[in-house]
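If you're matching them up, the sequences are chains C and S in order. Per the working numbering, the very first residue in the first sequence carries number 1; after that it's consecutive. Per the working numbering, the very first residue in the second sequence carries number 1001; after that it's consecutive. Below: one structure, written as structure tokens.
Number of protein chains: 2
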Amino acid sequence: MKKAPTIRDVASAAGVSVSVVSRVLNPDSGPVAPAKRETVLRVIDELGYRPRAAARELSVGHTPTIGLVVADLANPFFAQLADRVVWEARSHGVQVMVMTTQEDPHLEAESLETLLDRSVAGVIATPTGANIEKWARLRALGVNVVFVDRTIPELEAVDLVSIENVDSARRATEHMLGLGHRRIGLISGPLSTSTGRSRIEGYQRAHNNFSASVDPQLIRDVPFRGDGGGDAVGSLLTLRERPTALIVANTAQVQSSVRRLVQIGVRIPDDLSVIVFDDNPWTELTSPPLSVIRQPIDMLAVHSLELVLGRMQGRLPPAPRTIEVNADFVPRSSCSPMTLSTIN
Amino acid sequence: MKKAPTIRDVASAAGVSVSVVSRVLNPDSGPVAPAKRETVLRVIDELGYRPRAAARELSVGHTPTIGLVVADLANPFFAQLADRVVWEARSHGVQVMVMTTQEDPHLEAESLETLLDRSVAGVIATPTGANIEKWARLRALGVNVVFVDRTIPELEAVDLVSIENVDSARRATEHMLGLGHRRIGLISGPLSTSTGRSRIEGYQRAHNNFSASVDPQLIRDVPFRGDGGGDAVGSLLTLRERPTALIVANTAQVQSSVRRLVQIGVRIPDDLSVIVFDDNPWTELTSPPLSVIRQPIDMLAVHSLELVLGRMQGRLPPAPRTIEVNADFVPRSSCSPMTLSTIN
DNA sequence: TACAAAAGTGGAACCGGTTCCACTCCGGTC
DNA sequence: GACCGGAGTGGAACCGGTTCCACTTTTGTA
Chain C
1 MKKAPTIRDV ASAAGVSVSV VSRVLNPDSG PVAPAKRETV LRVIDELGYR PRAAARELSV
61 GHTPTIGLVV ADLANPFFAQ LADRVVWEAR SHGVQVMVMT TQEDPHLEAE SLETLLDRSV
121 AGVIATPTGA NIEKWARLRA LGVNVVFVDR TIPELEAVDL VSIENVDSAR RATEHMLGLG
181 HRRIGLISGP LSTSTGRSRI EGYQRAHNNF SASVDPQLIR DVPFRGDGGG DAVGSLLTLR
241 ERPTALIVAN TAQVQSSVRR LVQIGVRIPD DLSVIVFDDN PWTELTSPPL SVIRQPIDML
301 AVHSLELVLG RMQGRLPPAP RTIEVNADFV PRSSCSPMTL STIN
Chain S
1001 MKKAPTIRDV ASAAGVSVSV VSRVLNPDSG PVAPAKRETV LRVIDELGYR PRAAARELSV
1061 GHTPTIGLVV ADLANPFFAQ LADRVVWEAR SHGVQVMVMT TQEDPHLEAE SLETLLDRSV
1121 AGVIATPTGA NIEKWARLRA LGVNVVFVDR TIPELEAVDL VSIENVDSAR RATEHMLGLG
1181 HRRIGLISGP LSTSTGRSRI EGYQRAHNNF SASVDPQLIR DVPFRGDGGG DAVGSLLTLR
1241 ERPTALIVAN TAQVQSSVRR LVQIGVRIPD DLSVIVFDDN PWTELTSPPL SVIRQPIDML
1301 AVHSLELVLG RMQGRLPPAP RTIEVNADFV PRSSCSPMTL STIN
């Protein structure tokens, strides 16, 4: 448990000043004679010297670290996003602090404080929708913020990377309408989130395009946490006029919803046609395999990272950017045309 | 983008010295008159002062942060582990840096260097099995290391939290043997990992207990990354004497394996009885629902965190600890008794 | 009332890097 | 041969906390 060598150890062992060592460490910070550079590098290697991040951070004021704030990692969508972000960031020499909010504004606030304490240079986040002043404060202190998947409209001029939510929901809905369905259940995220609202809008727009009327009873906005999806499924299926199709547009509630369908013994697609948002690996292992809206998680990760790094290096025009990537509709076997027999 | 207040700002605004402010910040570091304490707290609140982690870290030498090193977050097992660890750690006031190795020893080595630079006080990891000297070095520098799920036998005296691997595999195998199966395929992790070896051992032990012979052809150790599980499935099913049962004991290869079974059109359990390691949420959504060995991920997370925190606070006897939690066998509908008809 | 012990306080060194600046060389130019 | 500019170097301040220590004030006890 001996302690690690410092820059002064290196300097004295190499017979130079700390300034020289520092300049060797940071190639663009000043000239060093080639011979000395080599000596220093050799000594660094011999001693196994590594500069301590905290010391550097203290003097330069920030650190090549970003925060990633997501709801929870048990959700495959966030887990995969985190995996890609961590991976991509590392290839850029940037570390990632992963924080989870469990969709709790209070915990989100705490996470933001912590990230501030750690002097992170940027944050990628799926905001809960609350903590508006906290986010504003973070940005006022120079932290670059990029929202991914959802945003907070009240916060102006913030970068956003998401899928085309309105359009994806519209396409899924139109697919159902095209099959003849007219009572289409929609399980969406809470109205406090932009995704929740956008996907409902897409659903409505599709109905307009088909001159079909929307029954508000069929639209359920449920929280991301808990078992709301399953409950909504249960409730939708007890309506006097049962839906013949179901779109689960709340990523976090897909599992809960499908589990309930299986429990109840609903036959898919005979009793109910189903499309779910997000292509988790297991969606093709169910029987029948589920038709899905596939979110290009890799793209979301890459774009948001690029955005935050670009801001950190100041090589982006100041105007806020919104990047919308499109999500594919992947038809599998969970949708069938509306037939008379479908009506109970 | 004004900059944040420092401890000296607080001190002068409160009309005291920085020492007093510091003592207010760290309650046990010395006496402060109640009146002044209150003044300082008020000023801190007014100014929105927060101590910078880097400065504190630099002077105390370490930071209340642990590293979590896992293979990848796309694997639900690790994702859930990470979720719990991050969550538990936060409730103890500890931050977590999540690093992924993608099972690549080179990336693992890089991660360790980074964690060292960041002066983390502890590391929870699922080691790739390589980098023995790096791990040793980390520990020599005073970083507390706890392995979870797998270990490196060559490293002595390291704490370990895992499930009872031998026993779990034994139980799963005996379940199959008890149903009359005598040709049981086993897909396991690489032999370079302790889990891989232990689970094979459990498989063999079960055969001994049943006085059944083990056909080495039925045992496949495949890498965690890639599509080895699917390939092993394919290969097992083309054996002259096909297995009538299959145990997938490589968590990372369950999806790939099951996907291949579905693709090939194998009927479960009619053609093949199946048990998989690890109870991902989707295992009960397949048809039939899969019988699983359920790893108590929460327990793994809680124990490893407790261990690493205990070491950090020096309130644990120096002897290395091995905590083995037991994994439940959850029977569902993917296993059936061996019958004559099962033989092709 | 006297005096030791405890409470309270501020100054300053320190942690390990970065960076500014002054200074010494050196070669090239008129 | 005087002068200039740039390469190369080291000293020292600085980042923002913590902590040791010397010092003063208060408190408790004989």
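Note that beta-carbon positions come from the ideal geometry of N, C-alpha and C, so glycine has one too.
- Within the region 247-328 of chain C, the complete alpha helix (DSSP H) segments of 4 residues or longer fall at 254-264 and 297-312, listed in chain order.
- Following the DSSP letters along the chain, one finds Ser188(C) inside the beta strand (DSSP E) bounded by residues Ile184 to Ser188.
- For Asp1149(S), the three-state secondary structure derived from DSSP is coil.
- The straight-line gap separating the alpha-carbon atoms of Ile1187(S) and Gly1230(S) is approximately 10 Å.
- Identification of residues in the region 304-326 of chain C having a C-beta nearer than 9 Å to some C-beta of chain S yields an empty set.
- Legend: CB atoms of the region 1097-1120 of chain S lying less than 9 Å from CB atoms of chain C belong to residues Met1097, Val1098, Met1099, Thr1100, Gln1102, Leu1107, Glu1110, Ser1111, Glu1113, Thr1114, Leu1116, Asp1117, Arg1118 and Ser1119.
- The beta carbon of Ala74(C) falls within 8 Å of a beta carbon belonging to chain S, placing the residue at that interface.
- Considering only beta carbons, the part of the region 1275-1307 of chain S lying closer than 8 Å to chain C consists of Asn1280, Pro1281, Trp1282, Glu1284, Leu1285, Thr1286 and Ser1287, in chain order.
- Rounded to whole angstroms, Trp1135(S) and Leu1112(S) show a C-alpha spacing of 8 Å.
- Here the region 192-209 of chain C makes no contact with the region 225-242 of chain C; the two share fewer than three CB pairs at distances below 8 Å.
- In the three-state DSSP reduction, Asp1083(S) falls in the helix class (H, G or I).
- Burial is judged here by how many other beta carbons sit within 10 angstroms of a residue's own beta carbon; Ser1194(S) has at least 16 and is buried.
- Gln95(C) has Thr65(C) as its beta-bridge partners, per DSSP.
- If you check the CB distance, Trp1087(S) and Thr100(C) come in under 8 Å.
- Arg267(C) and Thr238(C) have their C-alpha atoms spaced approximately 15 Å apart.
- In this structure, Val16(C) sits away from Ile7(C), with a CB-CB distance that is not shorter than 8 Å.
- Using a C-beta cut-off of 8 Å, the region 307-315 of chain C makes contact with the region 115-126 of chain C, since at least three inter-stretch Cβ pairs fall below that distance.
- Between the alpha carbons of Asp83(C) and Asp72(C) lies a gap of roughly 13 Å.
- Contact of Pro51(C) with chain S by beta-carbon distance below 9 Å involves Asp1117.
- If the five residues before and after Tyr1049(S) are omitted, its C-beta is found closer than 6 Å to the C-beta atoms of Pro1005 and Val1010, all from its own chain and listed in chain order.
- Of the candidates Asp270(C), Arg240(C), Arg225(C) and Leu138(C), the residue whose Cα lies closest to the Cα of Ser257(C) is Arg225(C).
- Residue range Ile1219 to Asp1221 is occupied by the beta strand (DSSP E) that includes Asp1221(S).
- Under DSSP, Val166(C) forms no beta bridge with any residue.
- The region 1208-1226 of chain S makes contact with the region 1092-1108 of chain S; the number of CB pairs closer than 8 Å reaches 3 or more.
- Excluding residues up to 5 positions away in sequence, Thr101 lie with their Cβ nearer than 6 Å to the Cβ of Leu107(C) in the same chain.
- Residues of the region 1062-1086 of chain S with a Cβ closer than 8 Å to any Cβ of chain C, in chain order: Thr1063, Asp1072, Leu1073, Ala1074, Pro1076, Ala1079, Gln1080, Ala1082, Asp1083 and Val1086.
- In terms of beta-carbon proximity, Val262(C) lines the interface with chain S, with at least one pair separated by less than 8 Å.
- Per the C-alpha coordinates, the member of Asp117(C), Ala130(C), Asn165(C) and Ala33(C) positioned closest to Arg205(C) is Asn165(C).
- At the C-beta level, Ile323(C) and Val161(C) come within 8 Å of one another.
- For Asp28(C), DSSP records no beta bridge to any residue.
- Nearest C-alpha to Val24(C) among Leu138(C), Arg90(C) and Arg37(C): Arg37(C).
- Arg1332(S) and Ser333(C) have their alpha carbons spaced roughly 25 Å apart.
- Listed along chain C are Leu58, each with a C-beta nearer than 7 Å to that of Ala1055(S).
- In this structure, Val325(C) lies near Leu300(C), with their beta-carbon atoms less than 8 Å apart.
- Spanning the alpha carbons of Ala1212(S) and Arg1182(S) requires a straight line of approximately 7 Å.
- Chain order gives the chain S residues near Gln95(C) as Met1097 and Thr1114, where near means a beta carbon separation below 7 Å.
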